[in-house]
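First residue of the sequence shown? That's 1052 in the numbering used here, and the numbers climb one at a time after it.
For every residue, glycine included, the Cβ atom is placed at its ideal position computed from N, Cα and C.
Beneath this line is the structure, given in structure tokens, with notes to follow.
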Amino acid sequence: MNEYNLAELRRALSPAALYYWTEIPSTNSWALEQIAGQHLIPPAVVLTANQTAGRGRMGRHWQSDVGGLTCSWVLERPRNATNQQPVPVGRLAIATAIAVFHTLAQWLGREKLKVKWPNDILVAEQKICGILIESVIGPTPIDVIGIGINVNLRPLPELNKCRSASETNEPLRKTTSVLDQLGHSVALTEVLTTLHQQLIQNTRRLENSWEELRQDYQSQMFGKQYWMRLETPQGPAEGKCLGIDDQGALIIETMLGPRVIVAGSVVEWIDRGD
Ligand code: BTN
């Protein structure tokens, strides 16, 4: 269950090239190094069975054991069909979250799944997936879309329910896995091929169906209308979650009026029922 069928993967991912490592510090770091040295041309997929120094958002560490899916897609930024401009990276983050949501829904069903802005996936308020997008800027930006999904990871009795998570000081940091939810393992090859198809399909929607994608995201969004506390590079922020704007940024209603949050993490939420 925890071994990839590489021949099947190569067929399913084509025309994207597959780079597979039994062990590597970070699939995102490796991809970025190869792009810098002009050794890697998109589309490509970098996969490892054992990531030893995974990186998370906002400088965090991402811990994952064998049985977790740790993978990076190297793709050219989609262009808007109307003006041929590369779409904003915030929209790419939304498309990626929706791709993971629909992938996991095939195994877990939609009911308990939610997307937490910008792109964590939750099952009953427990984190099951993290996404780290890093971009190489140029006339056509190249994105490294790193995805870590807790698939066949065993739950632990202590604080974090299973091993794969960003190490953070967030008060709410419960995690779960597909194994934890279903009570049995699933084939990693199948999860990865489904995710690849979803990613291609949903990044294509960025070319001419952004509004539909935005609605899709907002209907699966965790905490809409909840009071939220966030950590942002500019410091803490709080307000009622109203949804996402045209760039994929979070809109919150604060005491001083609406505020747009471009980068940050939701660290606490309260359903005030208003
Ligand atoms: C987060 O929730 O903070 C994002 C975690 C992203 C983890 C993935 S695993 C594959 C890829 N390689 C990395 O080093 N990080 C991402």
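Which partner residues of residue i appear in the DSSP bridge assignment?
i, result
"M1109", "Paired residues: none, contrary to the question."
"Y1070", "V1097"
"S1123", "V1097, G1197"
"D1171", "K1167"
"T1117", "Residue 1117 is actually Val in this sequence, not Thr. The partner list for V1117 (beta bridge, DSSP) reads G1119."
"P1137", "R1130"
Measure how close the beta-carbons of residue i and residue j come, nearest whole angstrom, since I'm counting them as under 8 Å.
i, j, result
"Y1268", "I1182", "The Cβ separation is near 13 Å, so there is no contact."
"G1141", "A1300", "6 Å"
"R1128", "L1143", "7 Å"
"V1202", "G1118", "6 Å"
"E1067", "V1096", "Per the sequence shown, the amino acid found at residue 1067 is Ala instead of Glu. Contact flag correct, Cβ pair sits at about 5 Å."
What is the DSSP secondary structure of residue i, reduced to helix, strand or coil?
i, result
"V1313", "coil"
"N1211", "In this prediction, N1211 has a pLDDT of 45, which is less than 50 and means its spatial position is unreliable; what the coordinates show is noted afterwards. It is coil, neither helix nor strand."
"T1227", "coil"
"G1189", "coil"
"E1304", "strand"
"R1061", "helix"
Are residue i and residue j closer than 7 Å when you measure CB to CB?
i, j, result
"H1247", "L1069", "no"
"K1225", "Q1285", "no"
"E1059", "T1240", "yes"
"A1100", "P1076", "no"
"I1179", "D1194", "no"
"L1120", "I1172", "no"
"T1227", "V1166", "no"
"R1280", "V1318", "yes"
"A1082", "V1125", "yes"
"V1229", "W1320", "no"
"Q1236", "M1052", "Strictly speaking, residue 1236 in this sequence is Ser, with Gln absent from that position. Taking 7 Å as the Cβ cut-off, S1236 and M1052 qualify as a contacting pair."
"P1139", "Q1298", "yes"
Discussion item. Any contact between the segment 1253 to 1261 and the segment 1146 to 1155? By contact I mean 3 or more CB pairs, one from each, below 8 Å.
Written reply: yes
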